[in-house]
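Number 103 in the UniProt record's numbering belongs to position 103 of the sequence shown; there are no gaps in the numbering. Remarks on the structure that follows.
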Amino acid sequence: MAARHQTLSSSIARWHGDEQAVGSPLNDSELVALQRTRLFGATGTVLMAIGALGAGARPVIQDPTFGVRLLNLSSRIQTVSLTMTTTGAAMMALAWLMLGRFALGHRRMSRGELDRTLLLWAMPLLVAPPMYSKDVYSYLAQSQISREGLDPYRVGPASGLGLGHVFTLSVPSLWRETPAPYGPLFLWIGRGISALTGENIVAAVLCHRLVVLAGVGLIVWATPRLARRCGVAEVSALWLGAANPLLIMHLVAGIHNEALMLGLMLTGTEFALRGVDAPLRVPARWRHTRRSDWAPLGMLVFGVVLITLSSQVKLPSLLALGFVAMALAHRQGGGLPAFVVVSITMAGLSFAVMAIVGWASGLGFGWIYTLGTANVVRSWMSPPTLLALATGQAGILLGLGDHTTAVLSLTRSIGVLIIAVMVGWLLWLVLRGRLHPVGGLGVALGVTVLLFPVVQPWYVLWAVIPLAAWATRPGFRIAAIAVTFVVGVFGPTANGDRFALFQILDATVASTLIVVVLIALTSTWLPWRRLPSEDSDMLGDTLGDAAPATQTRQPSTVPGA
1 MAARHQTLSS SIARWHGDEQ AVGSPLNDSE LVALQRTRLF GATGTVLMAI GALGAGARPV
61 IQDPTFGVRL LNLSSRIQTV SLTMTTTGAA MMALAWLMLG RFALGHRRMS RGELDRTLLL
121 WAMPLLVAPP MYSKDVYSYL AQSQISREGL DPYRVGPASG LGLGHVFTLS VPSLWRETPA
181 PYGPLFLWIG RGISALTGEN IVAAVLCHRL VVLAGVGLIV WATPRLARRC GVAEVSALWL
241 GAANPLLIMH LVAGIHNEAL MLGLMLTGTE FALRGVDAPL RVPARWRHTR RSDWAPLGML
301 VFGVVLITLS SQVKLPSLLA LGFVAMALAH RQGGGLPAFV VVSITMAGLS FAVMAIVGWA
361 SGLGFGWIYT LGTANVVRSW MSPPTLLALA TGQAGILLGL GDHTTAVLSL TRSIGVLIIA
421 VMVGWLLWLV LRGRLHPVGG LGVALGVTVL LFPVVQPWYV LWAVIPLAAW ATRPGFRIAA
481 IAVTFVVGVF GPTANGDRFA LFQILDATVA STLIVVVLIA LTSTWLPWRR LPSEDSDMLG
541 DTLGDAAPAT QTRQPSTVPG A
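And the structure:
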């Protein structure tokens with residue numbers, strides 16, 4: 001047994017020779033544990049991909065698995081497929097939790113090791129049917145409406161394409177009459193995909209998944225750079241943000257446009273802050289102007305453009321522009337004149353970009369009138385909505401009548417008011433230099449998600465990813481891990497297909513038993529407990545600051561944040 005372990009240890013060490021060559025702190029036993037953790041998570045995503053053949057959000061027609069004996073088997077045993085999907089998601093989430101052992105503390109895995117892990121876990125899901133949501137079919141229908149010259153902000157799939165259209169048939173009935181709630185940039189991209197793929201659902205879905213991968217790539221590029229700016233270890237931020245199971249489950253597998261929104265927003269924030277940190281130096285004589293003199297301004301403008309483009313996918317990302325503006329105003333003195341000049345300039349540039357996108361796409365500003373489209377959903381994850389629903393039910397039980405709609409309007413309005421007040425306060429803190437703009441953005445998005453009228457599981461990533469690049473307190477990391485498990489694994493497992501309650505319960509019980517058995521069988525094979533080679537103080541580092549001793553926070557970050 002010892003000889004076998006030594007052989008495996010040596011082979012893994014050779015496989016990671018490039019990291020060791022550049023001074024990777026992981027020793028042989030840690031590399032073996034890392035590889036086993038990686039394979040455990042990859043097995044989970046493979047199970048998810050197989051289970052999606054029966055439990056995924058497959059199209060009503062043009063289903064490539066229909067009639068194929070082996071591939072169509074899963075659709076006839078949906079409870080088994082749902083069990084496989086749930087079990088795979090739990091395995092991947094547990095592997096991610098174990099992966100945190102190598103992302104926090106003194107000795108961390110290299111960027112290459114984390115990047116390869118993320119790629120390995122995502123690969124099985126790239127060719128799987130959409131999971132946990134049928135939103136991608138709404139994307140296809142709304143893009144097709146735009147391609148046919150109609151206004152997707154005025155007509156829904158049913159009236160724009162007809163109830164018998166190949167795209168409309170796969171759109172959930174709740175959204176067949178509603179106009180598009182997305183920005184013109186996203187529908188413009190979708191129109192290009194529609195022109196390329198025609199009415200081929202499979203090809204169009206795969207193209208949208210490529211757009212998601214582009215967004216994830218931008219997230220992976222920007223997150224470590226923002227973390228370095230905030231004095232947080234790159235691998236720690238990537239582990240909590242880009243490698244988060246919610247991203248793999250809902251952005252990669254679920255094909256949501258949040259990937260593109262977050263990627264553009266974070267990348268734009270990084271470029272804009274580069275411009276803020278290196279203010280423009282205009283030479284006394286124009287003939288002595290050098291390209292380097294204008295580079296900071298170029299990065300600032302480029303960052304603002306990217307942030308504005310992200311808002312043309314989904315509007316909440318425009319919050320990043322406010323925090324960049326306040327950081328620039330603080331750099332210019334933090335007074336009222338600086339605040340006014342910077343705010344007007346940023347707003348003007350952003351409006352110009354929106355106007356160009358609206359004109360080029362031919363969609364104009366119609367998206368402004370459809371921002372509340374999703375409010376028809378009564379999401380239990382939204383505290384204002386949940387409070388209204390509970391109050392309405394209490395009124396019914398007490399014989400006072402059903403006043404849910406009236407209470408819902410009140411609680412949602414109060415929630416929006418609290419969001420406005422909190423965001424204003426956070427912007428003021430950044431203006432006064434008491435809060436880092438990345439931290440302010442993360443907290444603002446967190447408050448927005450918490451009090452938004454409608455909250456979906458993948459909305460949590462709006463806050464988790466930017467906060468992963470800034471916050472290092474144990475409380476935040478523990479809360480982020482808990483939310484990831486509750487929302488991503490133990491939340492509702494039914495996706496686009498309708499599952500009976502008994503199917504969900506059976507799948508949940510079976511998945512729990514399978515995972516318990518797997519943990520017992522792998523108790524000595526996987527690093528469920530601390531590795532013998534770990535330092536005695538590693539647990540404290542895991543729950544403490546992940547930044548190396550040589551890194552310090554910028555002065556503008558709130559002390560102890």
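No residue lacks a Cβ here, since even glycine has one placed at the ideal position from N, Cα and C. If you're wondering where the values come from, they're calculated on a predicted model, not measured in any experiment.
| field | Nearest-angstrom beta carbon gap, residue 339 and residue 303 [assumed within contact, 8 Å] | value | About 19 Å separates the two Cβ atoms, so there is no contact after all.
| How would you write the range of the alpha helix (DSSP H) that residue 51 sits in, first residue to last? | 28-55
| query | How many angstroms separate the CA atom of residue 371 from the CA atom of residue 266? | reply | 22 Å
| message | Would residue 430 and residue 323 be called neighbours here (beta carbons separated by less than 8 Å)? | response | The answer is yes: Cβ separation under 8 Å.
| Using the beta-carbon count (16 or more within 10 Å), is residue 562 buried or exposed? | Lying outside 1 to 561, the shown extent of the chain, residue 562 is not represented and no answer is given.
| Between residue 445 and residue 501, what straight-line distance do the alpha-carbon atoms span, to the nearest angstrom? | 34 Å
| field | Through-space distance from residue 510 to residue 469, alpha-carbon basis | value | 37 Å
| message | Once the 5 residues before and after residue 6 are set aside, which same chain residues still bring their CB inside 7 Å of it? | response | In this predicted model, residue 6 has a pLDDT of only 46, less than 50, meaning its place in the structure is not dependable; the value taken from the coordinates is given anyway. No residues qualify anywhere along the chain.
| message | Quick test of the definition: if touching needs 3 or more C-beta pairs under 8 Å, does the segment 76-85 touch the segment 506-520? | response | yes
| message | Considering just the uninterrupted stretch of the alpha helix (DSSP H) at residue 221, what are its terminal residues? | response | 201-230
| Within this structure, are the beta carbons of residue 455 and residue 409 separated by less than 8 Å? | no
| Buried or exposed: where does residue 380 fall if 16 or more other Cβ atoms within 10 Å of its Cβ makes it buried? | exposed
| query | Can you list, in chain order, the stretches of the alpha helix (DSSP H) that have 4 or more residues and sit fully within the segment 95-146? | reply | 111-126
| message | Please return the same chain residues whose Cβ sits closer than 6 Å to the Cβ of residue 539, not counting the five positions on each side in sequence. | response | Because the pLDDT of residue 539 is 41, which lies under 50, any placement of that residue in the model is unreliable, and the question is left without a value.
| task | Could you tell me the distance, in whole angstroms, from the CA atom of residue 111 to the CA atom of residue 440? | result | 26 Å
| field | Buried or exposed by the 16-neighbour rule on C-beta atoms within 10 Å, applied to residue 337 | value | Exposed, by the Cβ-count rule.
| query | When the distance is taken between beta carbons, is residue 435 closer than 8 Å to residue 426? | reply | yes
| Chain-order list of residues whose beta-carbon lies under 8 Å from that of residue 154 (same chain, five-residue window excluded) | 179 and 366
| query | Is DSSP giving residue 261 helix, strand or coil here? | reply | helix
| residue 536 (DSSP reduced to helix, strand or coil) | Low local confidence applies: a pLDDT of 40 at residue 536 is under 50, so the model's placement there is unreliable, with the coordinate-based value given in what follows. Here residue 536 sits in coil by DSSP.
| Buried or exposed by the 16-neighbour rule on C-beta atoms within 10 Å, applied to residue 230 | buried
| message | Here's a check: name, in chain order, each residue in its chain whose Cβ is nearer than 6 Å to the Cβ of residue 467, leaving out the five neighbours to either side. | response | 442
| field | Residues near residue 141 by beta carbon distance below 7 Å, same chain, minus five either side | value | 157, 161, 167, 168 and 171
| Are the segment 35-50 and the segment 88-101 in contact at 8 Å, needing three or more beta carbon pairs? | In short, these stretches touch, since the Cβ pair count reaches three.
| message | Looking only at its chain, what residues have a beta carbon closer than 7 Å to the beta carbon of residue 225, apart from the 5 residues adjacent to it on each side? | response | 270
| field | DSSP three-state assignment for residue 154, whether helix, strand or coil | value | Of the three classes helix, strand and coil, the one that applies to residue 154 here is coil, per DSSP.
| field | Cβ pair residue 459, residue 447 closer than 8 Å | value | no
| Proximity of residue 249 and residue 132 at Cβ, strictly below 8 Å | yes
| query | For residue 474, is the classification buried or exposed, using 16 other Cβ atoms within 10 angstroms of its Cβ as the cut-off for buried? | reply | exposed
| message | Quick check: the segment 95-107 against the segment 234-242, are at least 3 beta-carbon pairs closer than 8 Å? | response | yes
| Pick from 325, 126, 320 and 221 that is closest to residue 210, judged by C-alpha positions | 126
| said: Does residue 396 pass the burial test, meaning 16 or more other C-beta atoms within 10 Å, or should it be called exposed? | reply: exposed
| said: Residues in the same chain with beta-carbon distance under 8 Å from residue 414, minus the five sequence neighbours each way, listed in chain order, please. | reply: 384.
| said: Tell me which residue opens and which closes the alpha helix (DSSP H) that residue 239 is part of. | reply: 234-240
| field | Residue from 344, 98 and 472 with nearest C-alpha to residue 232 | value | 472
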